[in-house]
Amino acid sequence: MDQLLPSLPKSLTEPDGSAVIRVLSYNIRSLRDDEDALARVIRACEPDLVLIQEAPLFFRWRKHAARLAAKSDLVVLSGGATAAGPLLLCSLRASVERTEDVLLPLTPGLHRRGLATAVVRFAGVRVGVVSTHLSLDAAERAVQADLLLGRVAAMNADVPYAIVAGDVNETPGGPAFGRLTGALQDCWTVAPWGGERTFPAAAPDRRIDAVFASRGVEVLACGVPAGLPGISFADLRAATDHLPVLAALRLPAAP
């Protein structure tokens, strides 16, 4: 039987103008598995933002992304094939300021990688969002982590907070993961909740997927939502080969 988790903070706007949001990171393996199970997992998490990796890239990829969003009670925000796989979905609670899909430099013989980025507002609080999927090659992965942090720094020039999530293709302690945690909070480490390991979904033995946040963001809880009401282990195994990471974050009101 599924073991229920302690309750996770719900999305809300605080009286002081701060916003509590739920952020989900999920590698969906190009929708090659059980799409209905995937949508059930996403809906049960009740996210405001979904930072996806390995979205469909080829024939009718926009239609596939829109269908998943509709099944999940969300809308497409940015990304997909134009970002080489990372995709952003959001609830109607988010007000969108701008989006940009970024292609990272291509290393001959390796897969193209990219970033899906956006600036959104929750109750007037602005936050930059980046979905990423780093390389399988260690040297390229480290370079991509630096490029990602450069993008975050550029966003933070006029946006107070940043959220980054994705498939790092590396466990904590690795060089690329270390670059990210040197500049951003590793939300699981700050406020662990639920499960830790994310891959492979059927028998996870490592944490290679994560949610990160800039220093001003308050991390309330973060982890794999196995055992959250409405989520079955059967759906988690059927949906894709990664487990999702769900974070509850408080964005303080801007001064």
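Start counting the sequence shown at 8; every next residue gets the next number (my numbering).
Beta carbons: idealized from backbone N, C-alpha and C, even for Gly.
Contact annotation: G121 and N163 have beta-carbon atoms that are not nearer than 9 Å. With a contact defined as Cβ atoms closer than 8 Å, V171 and T139 qualify at about 7 Å.
The C-alpha of V252 is placed about 14 Å away from the C-alpha of T178.
In the structure shown, N163 falls within a helical segment according to DSSP collapsed to helix, strand and coil. G202 is bridged by DSSP to V231.
For T139, the uninterrupted beta strand (DSSP E) run begins and ends at V132 to H140, by DSSP.
Taking 4 residues as the minimum length, the alpha helix (DSSP H) runs contained wholly in the region 15-54 are 42-52, in order along the chain. Secondary structure remark: continuous alpha helix (DSSP H) runs of at least 4 residues inside the region 174-222, in chain order: 182-190 and 194-197. About 18 Å separates the Cβ atoms of A44 and D216, ruling out a contact at the 8 Å cut-off. For D108, the uninterrupted beta strand (DSSP E) run begins and ends at S102 to L110, by DSSP. Rounded to the nearest whole angstrom, the C-alpha separation of A88 and V218 is 22 Å.
Remark: three or more beta-carbon pairs, one from each stretch, lie closer than 8 Å, so the region 82-97 and the region 105-112 are flagged as touching. DSSP places F66 outside any beta strand (DSSP E), giving it a letter other than H or E. For P259 against S79, the beta-carbon gap comes to about 28 Å, at or over 8 Å, which does not count as contact. If you draw a straight line from the Cα of L155 to the Cα of S239, it is about 34 Å long. Here DSSP, grouped into helix, strand and coil, assigns V224 to coil. Straight-line spacing of the CA atoms in C52 and S142 works out to 27 Å.
Sequence-distant partners of R213 (beyond 5 residues in either direction) whose C-beta falls short of 7 Å from its own C-beta, in its chain, are T178, R204 and F206. In the displayed model, G116 falls within coil according to three-state DSSP, outside both helix and strand. Under DSSP, L95 takes part in a beta bridge, and its partners are L58 and S85. DSSP, read as helix, strand or coil, puts A125 in strand. Judged by their CB atoms, D248 and D40 are nearer to each other than the 9 Å cut-off. Excluding five sequence positions before and after W68, the CB atoms of its chain that fall closer than 6 Å to its own CB belong to G87 and A88, given in chain order.
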